[in-house]
Structures are given as C-alpha cells and as structure tokens.
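Enquirer: Dropping the structure in here first, questions after.
In my numbering, the protein residues as written are 38 to 150.
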C-alpha cells in the first residue's frame with residue numbers, strides 16, 4: 038500500500054514537473070519572440086538612420102563632381118514642326134564631347150547651350 042502511494046506521489050511529481058516544462062517553454066518562446074521583435078525594430082531604425090546619412094554623404098559627393106550640361110533640340114525629318122528639346126547631364130567629359138559631336142553632325146539637331 039505504501040509503495041502504491043509512493044508511486045502515486047512520484048507520478049504526481051512528474052506531472053507537476055511536466056507542467057512546469059510547458060510553462061517554461063511558454064516563457065522561453067515569449068522571451069524569444071520579444072527579443073526578435075526588438076532586434077528587428079532596432080535593425081529597421083538603424084537602417085533608416087544609416088540611409089539618411091548615406092543620402093547626405095552621396096549629396097555632398099555629387100556636389101564635388103563636375104557636371105557638363107548639354108541642351109539641344111531636334112526635329113524629325115518627316116515632321117519638321119515637331120521639335121523635341123532635351124537636357125543631358127554628363128559627369129564624364131569624354132562622353133559629353135562624344136554626344137556633342139554626334140548632335141553637331143546630325144542635320145536635324147541644334148545645340149542650344
């Protein structure tokens with residue numbers, strides 16, 4: 038009889054222990070989920086701040102790079118009254134020269150600036 042009661046007590050202890058594991062798992066997953074939400078929030082905020090800083094740095098670099106602007110207008114040979122005006126910016130002087138030469142050689146195009 039005593040052995041049966043001891044066995045029942047042991048079984049009851051194991052049931053309580055198993056319930057404790059379930060509660061522990063629940064706490065673990067809750068903490069893990071909370072940490073993941075915090076990490077993702079931190080990364081989003083950090084990437085936004087980094088993006089703003091990168092935009093400012095890019096703008097300061099663009100201010101230092103020389104830009105050549107080519108403004109021209111072209112008309113179609115078949116429709117002479119249709120004139121298209123275009124602005125192109127070049128940071129490479131050779132590309133600017135090549136485009137300028139191409140426009141000057143074209144009969145239907147005229148450089149404005």
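Virtual Cβ for every residue (Gly too), placed ideally from N, Cα, C. Because the structure is a prediction, the values reported are computed rather than measured.
1) Taking 9 Å as the cut-off, decide whether the C-beta atoms of residue 127 and residue 107 are in contact.
2) Do you know offhand how far residue 102's Cα is from residue 93's?
3) Can you name the start and end residues of the beta strand (DSSP E) that residue 122 belongs to?
4) For residue 104, tell me which candidate among 132, 83 and 79 has the shortest Cα-Cα distance.
5) Pull up the distance between the alpha-carbon of residue 71 and that of residue 82, whole angstroms please.
Expert: So, from the listed chains and residues:
1) yes
2) 15 Å
3) 120-127
4) 132
5) 17 Å
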